[in-house]
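Below: one structure, written as structure tokens.
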Amino acid sequence: MANKTMIKAITDALDQELARDEKVLVFGEDVGKNGGVFRATENLQATHGEERVFDTPLAESGIIGLSAGLALEGFRPVPEIQFFGFVFEAMDQIAGQISRIHFRLGGTREMPITIRAPFGGGVHTPELHADSLEGLVAQIPGLRVVIPSNPYDAKGLLISAIRSDDPVVFLEHMKLYRSIKAEVPDEEYTVPLDKANIVKEGTDLTIIAYGAMVQEAVKASDELAKQNVSAEVVDLRTVSPIDEETILESVKKTGRAVIVQEAPKQAGVGSQVAALIAERGILYLKAPIGRVTAPNTPYPFSEAESDWLPNKKDVVEKAQEILEY
Amino acid sequence: MSKKIIDFEQLKKFDDEFKPVQLLSTEGKLLEPDWKPDLSDEELVELFKQMVWSRTLDERSTKLNRQGRLGFYAPTAGEEASQIASNFVMEKEDFILPAYRDVPQLVLHGLPLYQAFLWSRGHVDGNKYPAELRALPPQIIIGAQYVQAAGVALGFKLKGQKNVAYTYTGDGGTSQGDFYEGINFAGAFQAPAIFVIQNNGYAISVPRSKQTAAGTLAQKAVAAGIPGIQVDGMDALAVYEVTKEARDYALAGNGPVLIETLTYRYGPHTLSGDDPKRYRTKETDDLWVKRDPLVRMRLYLESKGLWKQEDEEAYVEQVRAEINEAINKVENMPKQKISEYLKNTFKDTPAEIQREIEKFEEKEAK
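Chains as they are written, first to last, in the working numbering: chain A, 13 to 337; chain B, 4 to 369.
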């Protein structure tokens with residue numbers, strides 16, 4: 013076991029799955045010799061060869077369409093979309109094609125594809141690099157959407173995604189790539205694709221978050237602890253499907269829920285979680301559900317990022333509002 | 004003022020380099036008497052029978068649609084040389100990615116006819132493909148199959164399997180980004196894909212001249228660095244020969260080929276309300292009917308003593324019986340279940356969907 017960054021945990025997962033299963037292929041823009049723009053595929057081509065890890069022409073729809081064809085021929089493609097903000101180019105191949113092939117063919121064909129992509133704010137990217145678009149893809153039937161919040165989960169979830177026979181969008185928050193280190197086992201292991209994680213137990217309030225917002229939620233719970241508030245933090249880990257039972261059990265215990273997402277408020281994952289609690293757990297509630305989100309605008313120009321992104325302070329304020337209701 | 008160094012008009016002249024390949028005259032005579040198709044007499048008859056089968060299927064499907072016994076239908080009459088002769092080249096282990104008008108090729112590639120009818124009617128069992136059927140169902144999103152074909156072809160190349168992926172789109176399809184991405188990816192990977200553009204002159208109502216300033220669609224291959232060929236799409240022998248040579252070329256490791264067939268659909272775009280009189284003239288229709296692919300091939304076979312009118316009458320009867328059997332079968336299929344839809348949405352069913360399945364199963368049991 014060693015202390016590793018999330019990017020290193022991701023590289024390890026890819027390396028081990030490439031070694032374990034010859035049907036696994038890793039490809040995308042700059043993933044070969046260059047090792048990816050974030051070095052997530054560092055040395056993988058040298059280790060596993062140019063037929064298993066390769067560069068593609070620069071076209072997102074082509075990359076995902078290529079994955080569909082390769083999956084039909086028995087491969088397990090792990091394509092990379094260089095930044096998830098570029099995904100709009102590939103939306104038909106994701107939403108219209110690979111996610112519904114199992115359904116369209118009446119269960120007779122599978123699409124074991126894992127689409128990896130960096131996303132997320134706070135690292136001063138140009139436009140259309142940082143957007144949180146998980147809500148768009150979470151709405152697609154037949155597609156799993158995974159967002160790790162730490163190095164340990166990143167490795168285990170990515171291995172599960174690659175081994176899954178369903179298509180998976182695996183979103184890697186850029187700010188988490190190198191900002192935190194954690195114990196990551198050297199050997200292979202899996203983290204299930206349908207289980208939320210209770211990061212911190214508490215009794216007064218449940219904070220539900222995912223991706224980089226888990227850190228803000230944990231910081232907020234530390235702050236709240238100083239005010240004698242015991243906040244439970246739930247990390248969704250997968251935003252489709254959502255682990256409903258873990259959320260409901262927590263809300264049943266605490267009676268209060270604050271949902272945190274980096275994405276704008278409209279029609280996102282937080283709305284889904286709020287609807288779930290309203291639908292199946294409204295009688296547990298002592299106060300209205302609170303939501304902490306980004307404003308309903310496109311992702312901001314980078315100098316305004318820190319004003320736009322939700323943070324610990326926003327979570328604490330929303331928690332206090334709910335507690336005082 | 005200095006003399007300009009660029010001749011812009013010259014730079015866009017590819018038109019002369021893409022002339023349609025034609026082997027059979029409209030009277031059914033070989034244009035080059037010394038050239039012989041690489042097909043036995045039996046194969047020539049079989050190719051023509053498949054074209055008659057397709058024409059008969061089109062006539063019957065149109066009637067069945069009018070009677071409400073079939074659903075979505077995109078007519079195929081006029082395109083038999085383009086569709087059937089290109090498909091005739093392919094082997095069972097080759098992979099077809101058809102568009103919605105390419106149901107005849109799909110059936111000839113191995114999809115049972117009753118399943119094609121189920122697909123038309125909107126029943127999922129039409130798409131439950133046998134494991135050995137190397138195909139995707141007809142593509143609805145124009146051009147999406149082109150990038151997927153590049154992937155299948157790359158899969159063959161990586162496995163060292165001697166097969167091709169072959170796919171179809173129309174003239175309108177060549178305006179899509181996926182069209183270009185598909186031929187470009189296959190070219191970059193030197194993957195064995197055969198891309199067929201069936202240029203029937205109209206994307207629903209929009210004429211070919213409004214799709215692009217390019218003089219031919221075959222020349223779009225130039226930008227991808229792959230061979231592009233234009234062929235008389237009403238000439239089954241020419242389509243067969245061009246596709247055969249293209250397949251051999253791709254299998255030899257030379258990468259993909261783009262083929263543009265010049266063809267025509269006699270009927271509307273689909274039977275869902277399209278009226279070609281709004282955008283085509285009778286004169287144009289008549290011009291193409293004179294080039295009919297069946298007439299031409301029939302004259303050729305008759306001149307060789309391989310086919311007679313009685314043969315055709317008997318064969319058409321046989322095909323009609325086969326169609327009747329298939330349509331009767333689909334009218335007795337069990338009703339579809341939403342619970343089964345839910346089961347097929349994910350391979351590993353998530354808990355929330357499992358709850359929905361149980362809810363629907365309870366309803367369906369009533």
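Backbone N, C-alpha and C define an ideal beta-carbon position, used for all residues, glycine too.
Spatial distance of A/D206 from A/V158 (CA atoms): Working through the first sequence from its first residue, we reach residue 206 of chain A at position 194. Working through the first sequence from its first residue, we reach residue 158 of chain A at position 146. If you take the alpha carbons of A/D206 and A/V158, they lie about 9 Å apart.
Residues of the stretch 169-193 of chain A with Cβ closer than 8 Å to any Cβ of chain B, in chain order: S176, D177, D178
Simplified DSSP assignment, three categories, for A/H185: To locate residue 185 of chain A, count along the first sequence from 1; it is residue 173. A/H185 falls in the strand class under three-state DSSP.
Where the alpha helix (DSSP H) through A/A194 begins and ends: As a first step, residue 194 of chain A is located in the first sequence; it is residue number 182 there, counting from the start. Here A/A194 belongs to no alpha helix (DSSP H); instead the beta strand (DSSP E) covers 194-196.
Contacts of A/F87 in chain B (Cβ-Cβ under 8 Å): Translated into the one-based positions of the first sequence, residue 87 of chain A becomes position 75. Going along chain B in sequence order, the residues near A/F87 (Cβ under 8 Å) are G158, L161.
DSSP bridge partner residues for A/V65 (one or two, in chain order): Here the question's residue 65 of chain A lines up with position 53 in the first sequence. Paired residues: A/V38.
Contact set between the stretch 175-200 of chain B and chain A, restricted to residues whose Cβ is under 8 Å from the partner: G180, D181, E184, G185, N187, F188, A191
Buried versus exposed, by CB contacts within 10 Å (16 or more), A/I152: As a working note, residue 152 of chain A is residue 140 in the first sequence. Its Cβ being crowded by 16 or more others within 10 Å, A/I152 is buried.
Alpha carbon of A/V211 to alpha carbon of A/M103, nearest angstrom: Position 199 of the first sequence holds residue 211 of chain A. Position 91 of the first sequence holds residue 103 of chain A. Cα to Cα, the separation comes out at about 33 Å.
Neighbouring residues, chain B, relative to A/R116 (Cβ below 9 Å): Translated into positions along the first sequence, residue 116 of chain A becomes position 104. Within chain B, the residues near A/R116 are V127, N130, L139, P140, N347.
C-beta contact flag for B/E30 and B/L254 at 8 Å: The count along the second sequence starts at 1 and reaches residue 30 of chain B at position 27. The count along the second sequence starts at 1 and reaches residue 254 of chain B at position 251. Contact: no.
Boundaries of the alpha helix (DSSP H) in which B/R299 is found, first to last residue: The sequence position of residue 299 of chain B within the second sequence is 296, counting from 1. From DSSP, the alpha helix (DSSP H) with B/R299 extends over 296-306.
Proximal residues of chain B, C-beta to C-beta of A/L84 below 8 Å: Stepping through the first sequence from its first residue, residue 84 of chain A is reached at position 72. Within 8 Å Cβ-Cβ: F98, L139, Q151, G154, V155, G158.
Contact with chain B by A/A129, beta-carbon distance below 8 Å: Working through the first sequence from its first residue, we reach residue 129 of chain A at position 117. False, the Cβ-Cβ gap to chain B never drops below 8 Å.
Given B/L121 as reference, the closest of B/D278, B/D351, B/V333 once Cα atoms are compared: Taking the first residue of the second sequence as position 1, residue 121 of chain B is located at position 118. When only C-alpha atoms are compared, the closest one is B/V333.
Among A/P307, A/T266, A/E256, the one whose alpha carbon lies nearest that of A/E285: Within the first sequence, numbered from 1, the residue matching residue 285 of chain A stands at position 273. Note on residue identity: the sequence assigns Val, not Glu, to residue 285 of chain A. Measuring from the Cα of A/V285, the nearest candidate turns out to be A/E256.
The stretch 158-174 of chain A contacting the stretch 97-116 of chain A, beta-carbon criterion three pairs below 8 Å: no
Limits of the unbroken alpha helix (DSSP H) element including A/L321: By one-based count along the first sequence, residue 321 of chain A stands at place 309. Counting along the chain, A/L321 falls outside any alpha helix (DSSP H), and DSSP gives it neither H nor E.
Partners in chain A for B/G23, counting only beta-carbon separations shorter than 7 Å: Indexing the second sequence from 1 puts residue 23 of chain B at position 20. Checking the sequence, you will find Pro at residue 23 of chain B rather than Gly. None at all; the shortest Cβ gap to chain A is about 29 Å.
Closest by C-alpha distance to A/Y189, when choosing among A/D165, A/V181, A/N46, A/V180: Position 177 of the first sequence, counted from the first residue, corresponds to residue 189 of chain A. Of the candidates A/D165, A/V181, A/N46, A/V180, the one whose C-alpha sits nearest the C-alpha of A/Y189 is A/D165.
Contact with chain A by B/D44, beta-carbon distance below 8 Å: The residue given as residue 44 of chain B occupies position 41 in the second sequence. For B/D44, the answer is no, since every Cβ of chain A falls outside 8 Å of its Cβ.
Per DSSP, the bridge partner or partners of A/S252: On the first sequence, position 240 is the one that residue 252 of chain A refers to. A/S252 pairs with A/V157.
Spatial neighbours of B/F188 in its chain, beta-carbon cut-off 7 Å, leaving aside the 5 residues before and after: Against the second sequence, residue 188 of chain B aligns to sequence position 185. Around B/F188: V150, A153.
Cβ-based neighbour list, B/Q148, same chain, cut-off 6 Å, excluding 5 preceding and 5 following: Along the second sequence, read from residue 1 onward, the residue named residue 148 of chain B stands at position 145. Counting only Cβ-Cβ distances below 6 Å, and skipping sequence neighbours, we find L100, Q142, T170.
Under 7 Å from the C-beta of A/D104: neighbouring residues of chain D: In summary, chain D is missing from the structure at hand, where the protein chains are A and B.
B/G176 - partner residues in DSSP beta bridges: If you number the second sequence from 1, residue 176 of chain B lands on position 173. Per DSSP, none; premise fails for B/G176.
Supposed close pair A/V270, A/L236 - CB separation, criterion 8 Å: Against the first sequence, residue 270 of chain A aligns to sequence position 258. Against the first sequence, residue 236 of chain A aligns to sequence position 224. Not confirmed; about 10 Å, so no contact.
Counterpart residues of B/R281 in DSSP-defined beta bridges: Translated into the one-based positions of the second sequence, residue 281 of chain B becomes position 278. Looking at the DSSP assignment, B/R281 forms no beta bridge with any residue, so it has no partner.
Continuous alpha helix (DSSP H) stretch holding A/A287: start and end: As a working note, residue 287 of chain A is residue 275 in the first sequence. Here the alpha helix (DSSP H) through A/A287 covers 281-293.
Sub-8 Å separation of B/R137 and B/D97 beta-carbons: For the purposes of this step, residue 137 of chain B is taken as the residue at position 134 of the second sequence. For the purposes of this step, residue 97 of chain B is taken as the residue at position 94 of the second sequence. A contact, by the Cβ cut-off of 8 Å.
Start-to-end residues for the alpha helix (DSSP H) that takes in B/Q53: As a first step, residue 53 of chain B must be located in the second sequence, where it is residue number 50. Start and end: 44-69.
Cutoff 8 Å: B/K350 Cβ touching any chain A Cβ: The residue you call residue 350 of chain B lines up with position 347 of the second sequence. Yes, because at least one Cβ of chain A sits closer than 8 Å to the Cβ of B/K350.
As assigned by DSSP and simplified to three states, the class of B/R132: Position 129 of the second sequence, counting from 1, holds the residue named residue 132 of chain B. Note that residue 132 of chain B is Tyr in the sequence shown here, rather than Arg. Three-state result, B/Y132: coil.
Backbone CA spacing between B/E46 and B/A84 [nearest angstrom]: Taking the second sequence and counting its residues from 1, the one referred to as residue 46 of chain B is at position 43. Taking the second sequence and counting its residues from 1, the one referred to as residue 84 of chain B is at position 81. Their Cα atoms are separated by approximately 15 Å.
Beta strand (DSSP E) segment containing A/P89, residue limits: On the first sequence, residue 89 of chain A is found 77 positions in, with the first residue counted as 1. First-last of the beta strand (DSSP E) with A/P89: 88-92.
C-beta contact flag for A/N209 and A/D247 at 8 Å: As a working mapping, residue 209 of chain A is identified with position 197 in the first sequence. As a working mapping, residue 247 of chain A is identified with position 235 in the first sequence. Yes, the pair counts as a contact, with Cβ atoms nearer than the cut-off.
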